[in-house]
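*Asks:* This is the structure I have questions about; it appears just below.
There are 2 protein chains.
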Amino acid sequence: MGEFDLIERYFKRPARQAVLGVGDDCALLQPAPGTQLAISCDMLVEGRHFLSTVDPLRLGHKALAVNLSDLAACGAKPLAFTLALALPRAEESWAAPFAQGLFALADAHGCELIGGDTTRGPLNICITVFGEVPVLAGRSQALLRSGAQAGDELYVSGNLGDARLALEVFRGTLSVPAPVFEAARLRMEMPTPRVALGLALRGIATAAIDVSDGLLGDLGHILKQSGIGATVNADICATLVAARAGCAPEPGQPGAEIGPDQWRSLALAGGDDYELLFTAPASQREAVAAAARNSQTPVTRIGQIDQQLGLRLINGKGQTLPNNYTSFDHFV
Amino acid sequence: MGEFDLIERYFKRPARQAVLGVGDDCALLQPAPGTQLAISCDMLVEGRHFLSTVDPLRLGHKALAVNLSDLAACGAKPLAFTLALALPRAEESWAAPFAQGLFALADAHGCELIGGDTTRGPLNICITVFGEVPVLAGRSQALLRSGAQAGDELYVSGNLGDARLALEVFRGTLSVPAPVFEAARLRMEMPTPRVALGLALRGIATAAIDVSDGLLGDLGHILKQSGIGATVNADICATLVAARAGCAPEPGQPGAEIGPDQWRSLALAGGDDYELLFTAPASQREAVAAAARNSQTPVTRIGQIDQQLGLRLINGKGQTLPNNYTSFDHFV
Numbered sequence: 023m024g025e026f027d028l029i030e031r032y033f034k035r036p037a038r039q040a041v042l043g044v045g046d047d048c049a050l051l052q053p054a055p056g057t058q059l060a061i062s063c064d065m066l067v068e069g070r071h072f073l074s075t076v077d078p079l080r081l082g083h084k085a086l087a088v089n090l091s092d093l094a095a096c097g098a099k100p101l102a103f104t105l106a107l108a109l110p111r112a113e114e115s116w117a118a119p120f121a122q123g124l125f126a127l128a129d130a131h132g133c134e135l136i137g138g139d140t141t142r143g144p145l146n147i148c149i150t151v152f153g154e155v156p157v158l159a160g161r162s163q164a165l166l167r168s169g170a171q172a173g174d175e176l177y178v179s180g181n182l183g184d185a186r187l188a189l190e191v192f193r194g195t196l197s198v199p200a201p202v203f204e205a206a207r208l209r210m211e212m213p214t215p216r217v218a219l220g221l222a223l224r225g226i227a228t229a230a231i232d233v234s235d236g237l238l239g240d241l242g243h244i245l246k247q248s249g250i251g252a253t254v255n256a257d258i259c260a261t262l263v264a265a266r267a268g269c270a271p272e273p274g275q276p277g278a279e280i281g282p283d284q285w286r287s288l289a290l291a292g293g294d295d296y297e298l299l300f301t302a303p304a305s306q307r308e309a310v311a312a313a314a315r316n317s318q319t320p321v322t323r324i325g326q327i328d329q330q331l332g333l334r335l336i337n338g339k340g341q342t343l344p345n346n347y348t349s350f351d352h353f354v
Numbered sequence: 023m024g025e026f027d028l029i030e031r032y033f034k035r036p037a038r039q040a041v042l043g044v045g046d047d048c049a050l051l052q053p054a055p056g057t058q059l060a061i062s063c064d065m066l067v068e069g070r071h072f073l074s075t076v077d078p079l080r081l082g083h084k085a086l087a088v089n090l091s092d093l094a095a096c097g098a099k100p101l102a103f104t105l106a107l108a109l110p111r112a113e114e115s116w117a118a119p120f121a122q123g124l125f126a127l128a129d130a131h132g133c134e135l136i137g138g139d140t141t142r143g144p145l146n147i148c149i150t151v152f153g154e155v156p157v158l159a160g161r162s163q164a165l166l167r168s169g170a171q172a173g174d175e176l177y178v179s180g181n182l183g184d185a186r187l188a189l190e191v192f193r194g195t196l197s198v199p200a201p202v203f204e205a206a207r208l209r210m211e212m213p214t215p216r217v218a219l220g221l222a223l224r225g226i227a228t229a230a231i232d233v234s235d236g237l238l239g240d241l242g243h244i245l246k247q248s249g250i251g252a253t254v255n256a257d258i259c260a261t262l263v264a265a266r267a268g269c270a271p272e273p274g275q276p277g278a279e280i281g282p283d284q285w286r287s288l289a290l291a292g293g294d295d296y297e298l299l300f301t302a303p304a305s306q307r308e309a310v311a312a313a314a315r316n317s318q319t320p321v322t323r324i325g326q327i328d329q330q331l332g333l334r335l336i337n338g339k340g341q342t343l344p345n346n347y348t349s350f351d352h353f354v
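Residue numbers (the numbering used here), protein chains in the order written: chain L, 23 to 354; chain S, 23 to 354.
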């Protein structure tokens with residue numbers, strides 16, 4: 023099967039929202055009047071962003087999910103995406119389930135494939151995604167990293183650390199009961215982009231980012247770009263590792279060797295969570311709760327924004343903790 | 023040097039046209055009222071689209087040039103692009119000249135980098151480019167592959183086959199004089215996107231495509247999508263290989279072993295030309311000539327569009343030639 027057959031068979035579908043989709047030199051997109059286009063791009067490499075043994079269906083899901091997560095962090099409504107694929111071979115047994123996982127998530131968000139490229143090479147998946155953000159009275163409604171203010175409260179959606187836990191089990195550095203591993207593995211391989219929450223937070227959140235490199239590292243981007251500091255309750259974060267509930271605390275049982283500091287580490291610096299980390303004024307506490315309810319997305323308050331620069335970690339008793347948690351850098 | 027340092031140092035520049043550029047979860051782009059966004063995406067893989075020994079400066083140029091070429095084929099004005107990079111190592115000695123070549127071409131076309139991704143992995147460069155196409159009286163002014171009509175004339179810009187010639191010299195299958203090789207190599211490593219010609223052809227050309235996989239293969243896309251056929255003068259095409267003039271016809275001299283059929287083959291199926299192949303009504307012959315003059319881009323009439331389906335090749339005397347020329351497919 024050649025390049026054009028592969029595109030024709032698995033990746034060409036009629037355009038619905040776009041003016042022109044797959045099959046010409048360019049796709050054509052016409053944003054609605056009074057909107058801006060939010061654009062993000064993520065590249066996934068075998069052995070770094072996914073294991074070579076991953077189910078191609080899950081990989082198709084994840085490749086788009088991590089991009090939709092960026093739209094969510096901007097409060098943008100998904101519209102369309104391009105897909106560039108480097109494949110070692112043009113294998114139908116890979117392309118068919120990959121396309122299935124990709125389009126299932128795309129259809130769930132009304133996000134259509136409008137173009138791309140396929141070539142032979144070491145497995146590499148690059149998606150660029152397009153979303154829509156309204157402009158009201160000349161002001162963009164996009165959620166940025168730069169809007170956090172002293173006095174704001176700090177929230178995170180869903181769970182933290184489970185994807186990293188699964189990775190560590192694969193690496194053999196941690197051991198947990200089989201059902202706990204399977205659930206954590208699903209979080210690693212099929213993350214849920216928090217699109218509905220991102221949309222619901224427009225006009226409420228002052229800053230937002232998606233947690234991809236680890237909570238503290240990504241929080242650092244908000245702090246730097248907003249020119250403020252924060253205090254984070256590490257023990258509240260540690261309760262957000264879903265796997266924790268399923269790990270027996272008894273000595274000799276799998277999971278027992280994971281101590282309180284490791285749970286904190288998974289939550290604070292795990293990475294690959296694709297949750298939304300955001301700030302909102304204390305006066306918006308009710309509005310944040312309503313956004314969480316309406317988007318059916320759990321949200322937890324984990325700290326606050328301070329005038330004082332830098333990041334302070336506290337435990338459940340309010341005592342200061344040293345910050346030994348480092349974020350994930352692809353070249354370190 | 024880590025991922026964020028690399029981005030900060032070489033790839034972060036203030037946004038000029040975009041509402042928001044590099045540095046948040048998404049970039050924000052606001053197309054002008056009455057325009058559509060043309061979007062294209064190309065992925066370059068080491069060993070397939072470029073040799074591992076290529077000068078990073080030239081590679082930076084080429085990675086963007088092949089994308090701008092797609093905008094040119096749609097008659098779109100370049101606006102912005104995203105860049106995703108997988109690199110084996112975060113090396114300044116590579117990133118600095120790569121960024122230099124990339125931005126020199128970007129600046130020449132007023133096309134700004136608004137976002138992207140860097141990761142570690144086998145060298146892979148994926149660019150998604152955004153251009154603007156006006157909509158007049160409800161009609162998109164984009165040049166498509168599907169608009170060619172019987173009676174139209176067929177044109178190609180610039181030169182053909184030189185990039186492939188350089189590749190074959192690298193492979194050791196052809197030999198040419200050193201200055202001829204250097205010129206051909208420049209065509210292979212630093213192709214010229216025909217942006218000005220694409221813009222000048224709006225409202226004149228009925229269909230267009232950029233020649234990346236080989237002239238006949240790319241012409242096939244126009245024929246299929248327009249539902250028509252064509253006759254191409256192979257000998258006129260063969261005169262468009264710039265290297266030909268510098269190759270001595272004397273036996274025993276380098277280049278002498280390249281026969282008439284090989285020149286045709288280089289021109290018709292060479293690939294990597296990034297010239298514009300387009301159709302226009304015979305009544306627009308003067309307008310095509312003016313577009314070529316105004317964009318300072320040579321254009322040659324190489325054939326015509328027929329009602330009869332299929333592709334017919336003729337030689338300089340009008341005699342039918344067999345079509346043994348195949349196009350480049352990344353998986354064949």
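Don't be surprised by glycine CBs; every beta carbon is placed ideally from N, CA and C.
These numbers were taken from a predicted model, which means no experiment stands behind them.
Relative to the C-alpha of Glu297/L, which residue among Arg224/L, Gly236/L, Ser179/L is closest?
*Replies:* Among Arg224/L, Gly236/L, Ser179/L, the Cα nearest to that of Glu297/L is on Ser179/L.
*Asks:* Taking CB distances under 9 Å as the criterion, tell me whether Val217/L reaches chain S.
*Replies:* Closer than 9 Å: no.
*Asks:* Is the region 93-100 of chain L touching the region 146-160 of chain L in the sense that three or more CB pairs, one from each, lie closer than 8 Å?
*Replies:* The answer is yes - the region 93-100 of chain L touches the region 146-160 of chain L, with three or more Cβ pairs under 8 Å.
*Asks:* Can you tell which of Ala118/L, Tyr177/L, Gly281/L has the C-alpha that lies nearest to the C-alpha of Leu238/L?
*Replies:* Taking only the C-alpha atoms, the option nearest Leu238/L is Tyr177/L.
*Asks:* Would His83/S pass as an interface residue toward chain L - the criterion being a Cβ-Cβ separation below 9 Å?
*Replies:* Chain L, which has no Cβ nearer than 9 Å to the Cβ of His83/S, makes this no.
*Asks:* Measuring straight from C-alpha to C-alpha, what distance separates Arg161/L and Thr57/S?
*Replies:* Cα to Cα, Arg161/L sits roughly 21 Å from Thr57/S.
*Asks:* I think Cys48/S touches Ala60/L, with their Cβ atoms under 8 Å apart; what is that distance to the nearest whole Å?
*Replies:* So it is a contact: roughly 4 Å between Cβ atoms.
*Asks:* Let me make sure I understand the geometry here. Which of Leu93/L, Leu124/L, Asp92/L, Cys96/L has the alpha-carbon closest to that of Leu107/L?
*Replies:* The residue with the shortest Cα to Cα distance from Leu107/L is Leu124/L.
*Asks:* Note down, in chain order, every chain S residue with its Cβ under 9 Å from the Cβ of Ala291/L.
*Replies:* The premise fails here: Ala291/L is roughly 15 Å from chain S at the closest Cβ pair, so nothing lies under 9 Å.
*Asks:* Compute the distance between the beta-carbons of Gly138/L and Ala227/L, then report whether it is under 9 Å.
*Replies:* Against a cut-off of 9 Å, the Cβ pair of Ala227/L and Gly138/L comes out as no contact.
*Asks:* Check each residue of the region 99-126 of chain L: if its Cβ is closer than 9 Å to any Cβ of chain S, include it; give the result in chain order.
*Replies:* Correct list: Ala102, Thr104, Leu105, Ala106, Leu107, Ala108, Leu109, Arg111, Ala112.
*Asks:* If contact means a Cβ-Cβ distance below 9 Å, which residues of the region 152-168 of chain L contact chain S?
*Replies:* Per Cβ criterion, the list reads Phe152, Gly153, Val155, Val157, Ser162, Ala164, Leu165, Leu166, Arg167, Ser168.
*Asks:* Taking only beta-carbon atoms, is Met65/S less than 9 Å away from chain L?
*Replies:* Yes, contact with chain L.
*Asks:* What residues from chain S crowd round Thr150/L, counting only those whose CB sits closer than 7 Å?
*Replies:* Those within 7 Å of Thr150/L in chain S are Cys63, Thr104, Thr150.
*Asks:* Asn355/S by DSSP, collapsed to three states: which one?
*Replies:* In the structure displayed, chain S extends from 23 to 354; residue 355/S sits before or after that span and is not available.
*Asks:* Could you give the residue range of the alpha helix (DSSP H) that holds Glu204/S?
*Replies:* Residues 200-211.
*Asks:* In three-state terms, what does DSSP make of Asp283/L?
*Replies:* Helix at Asp283/L.
*Asks:* Rounded to the nearest angstrom, what separates Glu279/L and Leu288/L at their Cα positions?
*Replies:* Approximately 14 Å between the Cα atoms of the pair.
*Asks:* Between Leu367/S and the rest of its own chain, which residues show a CB-CB distance below 6 Å, the 5 nearest in sequence each way excluded?
*Replies:* There is simply no residue 367/S to check, as chain S begins at 23 and stops at 354 in what is shown.
*Asks:* Excluding the 5 residues preceding and the 5 following Leu343/S in the sequence, name in chain order all residues of the same chain whose CB lies nearer than 7 Å to its CB.
*Replies:* So the qualifying residues of the chain are Ala256, Leu335, Ile336, Asn337.
*Asks:* Is it the case that the Cβ atoms of Ala312/S and Pro320/S are separated by a distance below 9 Å?
*Replies:* Contact: no.
*Asks:* Name the two residues that bound the continuous alpha helix (DSSP H) containing Pro156/L.
*Replies:* Premise fails: Pro156/L lies in the beta strand (DSSP E), 146-158, not in any alpha helix (DSSP H).
*Asks:* Evaluate Asn181/S with the Cβ neighbour count: other Cβ atoms within 10 Å of its Cβ, from every protein chain shown; 16 or more gives buried, anything less gives exposed.
*Replies:* Buried.
*Asks:* With 9 Å set as the bound, which would you pick, yes or no: does the beta-carbon of Ile324/L sit closer than that to a beta-carbon of chain S?
*Replies:* Ile324/L does not count as touching chain S.
*Asks:* CB Gly325/S to CB Thr253/S, shorter than 9 Å?
*Replies:* Yes.
*Asks:* Determine the DSSP secondary structure at Gly332/S, reduced to helix, strand or coil.
*Replies:* Three-state result, Gly332/S: strand.
*Asks:* Rounded to whole angstroms, what is the Cα-Cα separation between Thr214/S and Ala206/L?
*Replies:* Going by the C-alpha atoms only, they are around 49 Å apart.
*Asks:* For a quick check, are the C-beta atoms of Gly24/S and Met65/L less than 9 Å apart?
*Replies:* No, Cβ-Cβ distance for Gly24/S and Met65/L is not below 9 Å.
*Asks:* Are the C-beta atoms of Gln247/L and some chain S residue less than 9 Å apart?
*Replies:* Yes, contact with chain S.
*Asks:* Bridge partners of Lys99/L, per DSSP?
*Replies:* In the DSSP output, where bridge partners are listed per residue, Lys99/L has Glu154/L.
*Asks:* Closest to Arg67/L by CA distance: which of Cys96/S, Asn146/S, Pro303/S, Arg111/S is it?
*Replies:* According to the sequence displayed, residue 67/L carries Val and not Arg. Per the Cα distances, Asn146/S.
*Asks:* Run the CB neighbour count on Ala94/L, radius 10 Å, all protein chains shown included, and call it buried at 16 or more, exposed below.
*Replies:* Looking at its Cβ environment, which holds 16 or more other Cβ atoms inside 10 Å, Ala94/L is buried.
*Asks:* Grab me the residues of Ala304/L's own chain with a C-beta within less than 6 Å of its C-beta, minus the 5 sequence neighbours each way, in chain order.
*Replies:* Result list for Ala304/L: Glu175, in chain order.
*Asks:* I need the straight-line Cα distance from Leu127/L to Gly69/S, nearest angstrom please.
*Replies:* Answer to the nearest angstrom: the Cα atoms are 33 Å apart.
*Asks:* Can you look up Val321/S in the DSSP assignment and give me helix, strand or coil?
*Replies:* Looking at Val321/S - three-state DSSP - the assignment turns out to be strand.
*Asks:* Can you tell me whether DSSP reads Gln122/S as helix, strand or coil?
*Replies:* Of the three classes helix, strand and coil, the one that applies to Gln122/S here is helix, per DSSP.
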